[in-house]
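Notes follow once the structure below has been shown.
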Amino acid sequence: MAFAPDGRLFVREQAGILRVIQNGVLLSQPFVTVSTDNQGERGLLGVANARLPWSSPAAPSRSSPPTGFGPTHPLLHPESWRGTLSGRVRPRFPT
1 MAFAPDGRLF VREQAGILRV IQNGVLLSQP FVTVSTDNQG ERGLLGVANA
51 RLPWSSPAAP SRSSPPTGFG PTHPLLHPES WRGTLSGRVR PRFPT
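Read the sequence shown against the UniProt record's numbering and you will find it ends at 95, with the numbers running on by one and no gaps.
Take a look at the structure:
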């Protein structure tokens, strides 16, 4: 779980779903859904809100990679994707 500066609470689900609770109400649509391998102890492992110097407030997260992806898969890198607080998801792949 992580609080956004505007008071929204971001709650992660192991299956790769990031939900938002706003004003005490769970929003019907997920903030983002990430394809991930959630067998055993794998899955969406955490979320944290951060202000990145080049963008609007963001919700970076870390996830286990989908089954069959090697060590260069973008989901292994916390900077590889982010969901902005306005609800958009913008992939960022390592260069």
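Beta carbons are placed, not taken as given, at the ideal position from N, Cα and C, and that holds for glycine.
Quick check on the burial criterion: 16 or more other C-beta atoms within 10 angstroms. Buried or exposed for residue i?
| i | result |
| --- | --- |
| G24 | exposed |
| P71 | Unreliable positioning characterises P71 in this predicted model, as indicated by a pLDDT of 47, which lies under 50. The coordinate reading is nonetheless provided below. It is exposed - the Cβ of P71 has fewer than 16 other Cβ atoms within 10 Å. |
| L18 | buried |
| G7 | exposed |
Does residue i come out as helix, strand or coil in the three-state DSSP assignment?
| i | result |
| --- | --- |
| R8 | coil |
| T36 | coil |
| S28 | coil |
| P66 | Caution is warranted here: a pLDDT of 49 is assigned to P66, below 50, making its placement in the model unreliable, and no coordinate value can be reported. |
With residue i as the anchor, note down where its beta strand (DSSP E) starts and where it stops.
| i | result |
| --- | --- |
| Q22 | I17 to Q22 |
Considering Cα atoms alone, identify which of the options is closest to residue i.
| i | options | result |
| --- | --- | --- |
| V20 | Q14, F31 and E13 | F31 |
| S35 | F10, S28 and Q14 | Q14 |
| L26 | T33, L9 and A2 | L9 |
Return yes when the C-beta of residue i is under 7 Å from any heavy atom of the ligand SAH, and no when it is not.
| i | result |
| --- | --- |
| A15 | Annotation note on the ligand SAH: not contained in the displayed structure, which lists no ligands. |
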